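Heads up: the structure comes next, in structure tokens.
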Amino acid sequence: MESFGTLHVFLPAAAACVLAVLPSCGKFALGAFDGRMRRLTDRPAPVPEMPSALPDTSVFVSAVRYDPGYNWIKDSLHGSVDFDIVLYDDGVPLLTVPVPAGAPFSASPDTHHIVDGSLYTEFPAADGTVICRNGMEILRLGSGERLLGLIPAQDGLYSLTVRQGGDGFVLRRDDEVLLSRGVGTVFGSFGEPSYGTTGALYRDGGSICFAYRETGGRVFTVRDGNESVVLPDLSGLYAGEMLDVKVRRERTAAGYSRVSGLSVEGTRVWPCPDGSFFLTCTVCGPDACSAALPYGVSRDPVRIGPPAGHIYYSPRGSHVIDDSQPAHVGIYSSAEGKTRIFRDCYLPDISCAAFCHSGRLVVAMASLDGSDTHPVFDSLGGDGFLEVHGYPSCVAVCVSPPS
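This note's numbering puts the first residue of the sequence shown at 55, with every later residue one more than the last.
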């Protein structure tokens, strides 16, 4: 195993009690990657203009680490055992947050979020949901609220939460409420492939955006707290229920349950760097498959791969992750036209997979064979591993400059 030197992190005195530098362990293999989709039709699919040079990327992985003698697979002392939350930057251990039993941190992967290279955690305490950044409490939300999106900005920390019971939401900047609705369902969440590491909140230029559906069926986009109604499509290309809505450069695109006359499931909108949109979906019926097509263009969907799983789309290469079977994970790559199977492991949470417009997909899985070596898939051309007595909890591919 390749060794990295100890990374020294200089921290304020208040933070020194919760952050510590880890000994070196673990690496990720890097390589080159460029792929194209396989097609169901003979017509070429338009490819949006991409930057001539790919941006720099950094891979961040968080993990839950237990003492060597603890059986983390059985986890019989869940909630009453000490653990650490560890953050790695390109395989180099960056920081650790020691968590004694009873501290306001959870070992559940769906409460760990990596945004702009920082580790955010959420914990449902009796007097409100505790939000921490790199181990330090920065915000306390209403009791029973759960994070759907999080974006740090120059003017504060934007958060989007769902109320207890799953209906209604609150948009805040720090502790200031910008928008609150007692009913309504937000599109997107952390880890959902087309939304990425910031969850249901995303940036469009200098604005903070998301979308939601009222109980009565009307759909709204929200830009910096201001709502706009999304009108139904009248072009005849799409029909049925709106399943996803996004804005890019002040244009709006919606994904429907019928596309080009086909019945589809899980339609998602993918904004591209040039301002265009693509849709991904699962085509139903005897020719079931995962597919993509440019938004607003009359054409049949283009096959990406098998129908099961989570779809990740880019004109430079697409992937489908299937974690529906016990004790193995399948990752289909359109460039190779085949599925790789990782056995004796599982995906702790969908947030353990991260993707960017360059087509790079990184997936951290947890081994079930009793070892502390966990496989990491990297579509750039080389797989790696994470060495920890525990399991990965989140992955983020941070792009500079952002796409």
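Where a beta carbon is used, it is the ideal one built from N, C-alpha and C, also for glycine. Computed from a predicted structure; not experimentally measured.
- Membership of Lys-300 in the beta strand (DSSP E) is indicated by the continuous run 292-302.
- Here the alpha carbon of Val-416 sits roughly 24 Å from the alpha carbon of Phe-241.
- The C-beta of Asp-221 has fewer than 16 other C-beta atoms within 10 Å across all chains shown, which makes the residue exposed.
- Excluding its 5 nearest sequence neighbours in each direction, Phe-431 has C-beta neighbours in its own chain below 6 Å: Ile-385, Val-417, Asp-437, listed in chain order.
- Contact check between the segment 256-273 and the segment 171-181: fewer than three CB pairs, one atom from each, fall below 8 Å, which does not count as touching.
- The C-alpha of Asp-144 lies about 8 Å from the C-alpha of Val-115.
- For Asp-403, no beta strand (DSSP E) segment is defined, and its DSSP state is neither H nor E.
- Around the beta carbon of Thr-252, a 10 Å sphere encloses 16 or more other beta carbons of the protein chains shown; the residue is thus reported as buried.
- Contact check for Ser-368 and Gly-320: beta-carbon distance about 17 Å, past the 8 Å limit, so the pair fails to qualify.
- By the beta-carbon neighbour count (other beta carbons within 10 angstroms, threshold 16), Ala-155 is exposed.
- For the pair Leu-440 and Ala-161, the CB atoms are not nearer than the 8 Å cut-off.
- Under the 8 Å Cβ criterion, the segment 327-340 counts as touching the segment 301-319, having at least three qualifying pairs.
- When the beta-carbon positions are compared, Val-224 and Glu-199 come within less than 8 Å of each other.
- Per the DSSP secondary-structure output, Met-190 pairs in a beta bridge with Arg-187.
- Boundaries of the beta strand (DSSP E) around Tyr-174: 172-179.
- Annotation: Gly-182 to Gly-210 spans about 20 Å, alpha carbon to alpha carbon.
- Here DSSP, grouped into helix, strand and coil, assigns Asp-426 to coil.
- Its Cα nearest to that of Pro-206, the residue Arg-226 stands out among Arg-217, Gly-189, Arg-226.
- If you draw a straight line from the Cα of His-167 to the Cα of Val-449, it is about 8 Å long.
- Pairing Arg-277 with Ser-289 gives a Cβ-Cβ distance that is not under 8 Å.
- The closest CA to that of Cys-326, considering only Ile-395, Arg-119, Ala-308, Pro-348, is found on Pro-348.
- For Gln-218, the closest of His-382, Leu-201, Ala-408 by C-alpha to C-alpha distance is Leu-201.
- Around the beta carbon of Ile-127, a 10 Å sphere encloses fewer than 16 other beta carbons of the protein chains shown; the residue is thus reported as exposed.
- In this structure Tyr-366 does not touch Phe-331 by the C-beta definition: roughly 16 Å separates them, more than the 8 Å allowed.
- Judged by DSSP in its simplified three-state form, Thr-252 adopts helix.
- Per DSSP, reduced to three states, the secondary structure at Pro-163 is helical.
- When DSSP assignments are scanned along the segment 213-252, the uninterrupted stretches of beta strand (DSSP E) that are 3 or more residues long and fall wholly within it turn out to be 223-227, 230-235.
- The alpha-carbon of Gly-270 is positioned some 25 Å away from that of Glu-304.
- Residue range 343-348 is occupied by the beta strand (DSSP E) that includes Pro-348.
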